[in-house]
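Structure record follows, encoded as structure tokens.
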Amino acid sequence: MVRIKTFIDEPQIGAVPAPNKPLEATIFVAASDARKEVKDLADFVCTGSNDQDIIAQAINSLPPAGGKVKLSEGTFVFNNTLKILRSNVTLEGCGAGTKIFLANGANAHVITVGNGSTALSNIKICNLLIDGNRANQTVRSNGIYFNGGSGFLITNSVIENCWITNCYGSGIYINYGNNNSVIGNVCQSNGEYGICLDNSQYNIVAENQVLSNTMEGIYVYSMSERNIIKGNVISSNNGNGIWIDSSSLQVISGNFIYGNQGVAIIASYSNHLVITSNNILENGKAGENLAPGAADIWIGSSTYCTVSNNICFIPTTGPGPDYGIRESDTSDYNMVSGNIVGGYKIKISLIGTNSKISGNIEV
Numbered sequence: 004m005v006r007i008k009t010f011i012d013e014p015q016i017g018a019v020p021a022p023n024k025p026l027e028a029t030i031f032v033a034a035s036d037a038r039k040e041v042k043d044l045a046d047f048v049c050t051g052s053n054d055q056d057i058i059a060q061a062i063n064s065l066p067p068a069g070g071k072v073k074l075s076e077g078t079f080v081f082n083n084t085l086k087i088l089r090s091n092v093t094l095e096g097c098g099a100g101t102k103i104f105l106a107n108g109a110n111a112h113v114i115t116v117g118n119g120s121t122a123l124s125n126i127k128i129c130n131l132l133i134d135g136n137r138a139n140q141t142v143r144s145n146g147i148y149f150n151g152g153s154g155f156l157i158t159n160s161v162i163e164n165c166w167i168t169n170c171y172g173s174g175i176y177i178n179y180g181n182n183n184s185v186i187g188n189v190c191q192s193n194g195e196y197g198i199c200l201d202n203s204q205y206n207i208v209a210e211n212q213v214l215s216n217t218m219e220g221i222y223v224y225s226m227s228e229r230n231i232i233k234g235n236v237i238s239s240n241n242g243n244g245i246w247i248d249s250s251s252l253q254v255i256s257g258n259f260i261y262g263n264q265g266v267a268i269i270a271s272y273s274n275h276l277v278i279t280s281n282n283i284l285e286n287g288k289a290g291e292n293l294a295p296g297a298a299d300i301w302i303g304s305s306t307y308c309t310v311s312n313n314i315c316f317i318p319t320t321g322p323g324p325d326y327g328i329r330e331s332d333t334s335d336y337n338m339v340s341g342n343i344v345g346g347y348k349i350k351i352s353l354i355g356t357n358s359k360i361s362g363n364i365e366v
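Note that our numbering numbers the sequence shown so that position 142 is 145, with each residue one more than the last.
Encoded structure:
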């Protein structure tokens, strides 16, 4: 079932709800190219241009307690960003058949949650496809952008089962967002990162496919602490698979990281990381995006990290990283144990006088 009965008897193009009828907790918006019978059920019908404005009307028509805006199958054309500026809102499509397309020259984030000066919570964006039309943009534009600020966090929100592709910037970018979940999405062929956490804590990034992005697959930086990155497939990105930069207390577990142009996992200036049970294969095959002395798990200027039970193998063809697991710069007090490391020039290298190594298998 797509929709409960509308509160507008005869939907109009860009219609506003009739004023004397009760607002319902679910509002249905039809694409301009939706079937007639779908439009007949809709509360709002889009025109195929500036559709973000009509969807914003639908969001603003929800009752004070919030609710859901359901998008039909079909293509919604955005000429500017869709801004979600209230809490307790779900924006839900019908799967990959619900396509949001960023118009030529829009040069805007596709969906923006928050304005940097308002705290929001309980936002859910799910079951839709975003095409950022990267070739026809000229400025950084992310697919889904959580725009929080210091003291104005985006919290307890979910991005789930979305396909986010071809954006000029990142697929998903969370700035000042805490206790959010990014689960089951495909972030592919974006111009910067697949997924980025910036000044964001206590988030879960799980079971996503992060593929063929121009920079890192997943980038966590600027004091983004206490996040969990688990069960993701991270492949064919031009940069590294995962880069943790100046962000401590992460858990990186059970990811399949293969075929990236850089290395699998870099930790720089990040302490108390747990890097465990990841499968790491075929990274750095071309060699052109590898720094000298690169390692598939590279711990740089980081302390009190645990690297355990990972499987790391160098590419079967091409140079690959020099090291399997490496500690560098001022790293110390790290534990490397129970890993299987194969094919690298140097399998495991630790420099910290207090770092420990045990139970690894080098093949």
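We put the beta carbon where it would ideally sit given N, CA and C, even for glycine. Computed from a predicted model, the values in this text were never measured in an experiment.
Can the beta-carbon of residue i be found closer than 8 Å to that of residue j?
i, j, result
"I103", "F79", "yes"
"I300", "I317", "no"
"N125", "S90", "yes"
"S304", "T279", "no"
"I247", "S273", "yes"
"G135", "G151", "no"
"N164", "N130", "yes"
"G180", "C190", "no"
"I245", "I232", "yes"
"N110", "S144", "yes"
"N188", "I167", "yes"
"S331", "N363", "no"
"I269", "I260", "no"
"Y171", "G194", "yes"
"R239", "L214", "It is worth fixing the name first, because residue 239 is Ser in this sequence and not Arg. Yes, the pair counts as a contact, with Cβ atoms nearer than the cut-off."
"S249", "N216", "no"
"I87", "V116", "yes"
Tell me the residue span of the alpha helix (DSSP H) that contains residue i.
i, result
"Q55", "D54 to N63"
"V41", "K39 to D43"
Of the choices the options, whose alpha-carbon is the least far from that of residue i?
i, options, result
"G345", "N282, L123 and T309", "N282"
"N182", "G197, Q191, I167 and I162", "I162"
"N258", "I314, S249 and T217", "I314"
"S227", "P322, T101, S153 and I133", "S153"
"Q253", "P67, G262, A37 and Y222", "Y222"
"V263", "P67, T306 and M218", "Per the sequence shown, the amino acid found at residue 263 is Asn instead of Val. Taking only the C-alpha atoms, the option nearest N263 is M218."
"N286", "G242, A68 and I30", "G242"
"G96", "I133, N107 and G234", "I133"
"S52", "A138, G77, A106 and L44", "A106"
"A209", "D43, S184 and E195", "S184"
"I207", "G174, T158 and A68", "T158"
"A68", "I343, V116, V92 and L214", "V92"
"Q204", "R229, P295 and C308", "R229"
"T141", "D46, H112 and L44", "H112"
Report back the beta-carbon spacing between residue i and residue j to the nearest angstrom; my notes put them in contact at under 8 Å.
i, j, result
"A33", "S75", "5 Å"
"Y336", "G323", "The Cβ separation is near 28 Å, so there is no contact."
"G321", "L293", "Their Cβ separation, rounded to whole angstroms, is 10 Å, which puts G321 and L293 out of contact at 8 Å."
"D325", "I360", "At roughly 18 Å, the Cβ-Cβ gap does not stay under 8 Å, so D325 and I360 are not in contact."
"H275", "S251", "5 Å"
"A37", "G100", "Not a contact, Cβ separation roughly 10 Å."
"A28", "K71", "7 Å"
"N178", "N202", "6 Å"
"D54", "F31", "D54 to F31, Cβ: 14 Å. No contact."
"L85", "A59", "6 Å"
"N357", "N312", "That pair is no contact at about 21 Å."
"M338", "T309", "5 Å"
For the beta strand (DSSP E) holding residue i, just list the boundary residues, first then last.
i, result
"I354", "Here I354 belongs to no beta strand (DSSP E), and DSSP marks it neither H nor E."
"T101", "T101 to L105"
"I317", "No beta strand (DSSP E) contains I317, which DSSP labels as neither H nor E."
"D299", "A298 to G303"
"R378", "Because residue 378 is not part of the residues shown, which for the chain are 4 to 366, the question remains open."
"Q140", "From DSSP, Q140 is part of no beta strand (DSSP E); its letter is neither H nor E."
"C199", "I198 to D201"
"E163", "V161 to E163"
"Y261", "F259 to Y261"
"K127", "I126 to C129"
"E219", "First-last for E219: undefined, no H or E at that position."
"K71", "G70 to L74"
"T78", "G77 to F81"
"T50", "Premise fails: T50 is in no beta strand (DSSP E) and is neither H nor E."
"S340", "M338 to S340"
"G345", "I343 to G345"
"V113", "Counting along the chain, V113 falls outside any beta strand (DSSP E), and DSSP gives it neither H nor E."
"N282", "N282 to L284"
"S90", "From DSSP, S90 is part of no beta strand (DSSP E); its letter is neither H nor E."
"K372", "Residue 372 lies beyond the stretch modelled for the chain, which goes from 4 to 366, so this question has no answer here."
"C308", "It is not in any beta strand (DSSP E) - C308 carries neither H nor E in the DSSP assignment."
"L156", "Note, L156: premise wrong, no beta strand (DSSP E); not H, not E."
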